[in-house]
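Participant:
Shown next as structure tokens:
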């Protein structure tokens with residue numbers, strides 16, 4: 001599994017990527033196709049585009065933090 | 001550019017850290033993602049730190065004695081906090097998130113592990129081991145009711161309130177082990193209070209675990225004839 005860092009990628013490119021994956025953004029938060037905010041399923045917080053990670057497992061978008069990533073790896077041990 | 005060329009260029013870009021983020025490349029990356037060949041992250045170091053804790057020896061040890069999944073997870077996060085000791089921004093961010101999701105008690109459980117207090121606490125329990133089940137019960141009682149057994153001294157605490165809190169907690173609960181713990185400015189306050197606490201807890205003997213930034217006092221109850 002290759003890991004691609006979004007750290008230094010422009011906001012415009014990230015929005016294009018999100019759209020390609022069936023999501024969107026208002027420039028600050030990641031949005032679902034119906035324009036509702038994508039919620040980090042483990043921490044239950046809205047995901048900011050500047051801090052998002054996009055992980056395999058039916059496309060899981062999370063906030064980049066150790067709690068969410070630990071929980072993700074517990075659920076998907078071979079995810080990344 | 002053909003699709004295969006784009007994918008190949010993309011893969012090469014990944015290894016070199018120089019990705020082309022044109023629309024065609026983004027489409028190729030999205031396809032690779034859908035094919036489960038790549039993931040988009042922020043910082044590889046974060047993934048590395050999280051993965052390290054998943055299989056750490058210390059966590060595997062705790063798995064034997066902590067059957068509660070939520071508490072075990074907080075222990076894991078405690079190990080992660082310890083690993084982030086030299087990354088104050090990341091550590092603060094994680095502490096804030098633990099506090100937000102698991103409240104003060106959850107943060108204190110993680111902090112107890114972070115500061116190496118749980119492993120020493122277990123060490124003291126083992127010195128008087130009755131049975132494995134008894135050890136498990138005592139560890140779970142400690143973690144479930146951590147505020148009864150540990151005083152976490154904060155930077156804004158004053159000497160008087162620390163001593164009052166020790167008195168209240170110890171006299172109300174008569175714990176066999178009571179811990180006073182402080183980090184950075186909290187550690188300085190613990191140092192100032194040590195002699196007064198030791199005078200107060202006449203039925204306890206003191207074991208100290210100190211380092212540059214941490215001051216931890218373990219008071220162990222002694223049984224006199």
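Chains as they are written, first to last, in my numbering: chain V, 1 to 80; chain E, 1 to 225.
All C-beta atoms, glycine included, are put in the ideal place defined by N, C-alpha and C.
(1) Taking the alpha carbon of residue 54 of chain E as the reference point, which residue from E:83, E:180, E:41 has its own alpha carbon closest?
(2) Which residue marks the beginning of the beta strand (DSSP E) containing residue 178 of chain E, and which one marks its end?
(3) Can you have a look at residue 4 of chain E and say buried or exposed, based on whether 16 or more other CB atoms are within 10 angstroms of its CB?
(4) Establish whether the CB of residue 30 of chain E and some CB of chain V are separated by less than 7 Å.
(5) Would you give the residue range spanned by the beta strand (DSSP E) that residue 52 of chain V belongs to?
(6) If the criterion is Cβ atoms closer than 7 Å, does the pair residue 152 of chain E and residue 181 of chain E meet it?
(7) When you compare the CB of residue 20 of chain E with every CB in chain V, is at least one pair closer than 7 Å?
(8) Show which residues of chain B have a CB atom less than 7 Å away from the CB atom of residue 65 of chain V.
(9) Let me check one thing: in DSSP terms, what residues is residue 24 of chain V bridge-paired to?
(10) With residue 66 of chain V and residue 74 of chain E assumed to form a contact (beta carbons below 8 Å), what rounded beta-carbon distance in angstroms separates them?
(11) From residue 6 of chain V to residue 30 of chain E, what distance separates their C-alpha atoms?
(12) How would you write the range of the alpha helix (DSSP H) that residue 90 of chain E sits in, first residue to last?
(13) Using a Cβ-Cβ cut-off of 7 Å, state whether residue 20 of chain V counts as contacting chain E.
(14) Thinking just about the alpha-carbon of each residue, which of V:69, V:2, V:28, V:22 is nearest to the one in residue 10 of chain V?
(15) Since residue 55 of chain V meets chain E, which of its residues come closer than 7 Å, beta carbon to beta carbon?
(16) Which chain V residues sit within Cβ distance under 7 Å of residue 156 of chain E?
(17) Taking three-plus beta-carbon pairs below 8 Å as touching, is the segment 152–172 of chain E in contact with the segment 129–141 of chain E?
(18) Using CA coordinates, which residue listed in E:214, E:221, E:223, E:222 is at the minimum distance from residue 117 of chain E?
(19) According to DSSP, is residue 276 of chain E part of a helix, a strand, or is it coil?
(20) Looking at the strands, I want to know which residues DSSP matches up with residue 210 of chain E.
(21) What are the start and end residues of the alpha helix (DSSP H) that includes residue 64 of chain E?
(22) Does the separation of the CB atoms of residue 59 of chain E and residue 66 of chain E fall below 7 Å?
(23) Can you find the residues in the same chain that come closer than 7 Å, C-beta to C-beta, to residue 56 of chain E, ignoring five residues on each side of it along the sequence?
(24) Over what stretch of residues does the alpha helix (DSSP H) that includes residue 171 of chain E continue unbroken?
(25) If we count Cβ pairs, one from each stretch, closer than 8 Å, do we get three or more for the segment 192–208 of chain E versus the segment 92–107 of chain E?
(26) Please identify the residue among E:51, E:109, E:34, E:43 whose C-alpha is closest to the C-alpha of residue 69 of chain E.
(27) Should residue 56 of chain V and residue 39 of chain E be called a contact, given that it needs their Cβ atoms to be closer than 7 Å?
(28) Who pairs with residue 130 of chain E in a beta bridge, going by DSSP?
(29) Which residues in the same chain as residue 163 of chain E place their Cβ atom closer than 8 Å to its Cβ, once the five residues preceding and following it in sequence are excluded?
(30) Considering Cα atoms alone, identify which of E:212, E:119, E:27 is closest to residue 63 of chain E.
Facilitator: On the basis of the supplied data:
(1) E:83
(2) 177–183
(3) The predicted model places residue 4 of chain E with a pLDDT of 49, which falls under 50 and marks its position as unreliable; any figure quoted below should be read in that light. It is exposed - the Cβ of residue 4 of chain E has fewer than 16 other Cβ atoms within 10 Å.
(4) yes
(5) 52–55
(6) yes
(7) no
(8) Of the chains in the structure shown, none is chain B; the protein chains are V and E.
(9) V:31
(10) Actually they do not touch by this definition, with Cβ atoms about 12 Å apart.
(11) 13 Å
(12) 88–114
(13) yes
(14) V:28
(15) 39
(16) Those within 7 Å of residue 156 of chain E in chain V number zero; the least Cβ separation is about 26 Å.
(17) no
(18) E:214
(19) An answer regarding residue 276 of chain E cannot be provided, because it is not within the stretch 1 to 225 covered by chain E.
(20) E:215
(21) 57–65
(22) no
(23) 79
(24) 159–173
(25) no
(26) E:109
(27) yes
(28) Looking at the DSSP assignment, residue 130 of chain E forms no beta bridge with any residue, so it has no partner.
(29) 193, 196, 197, 200
(30) E:119
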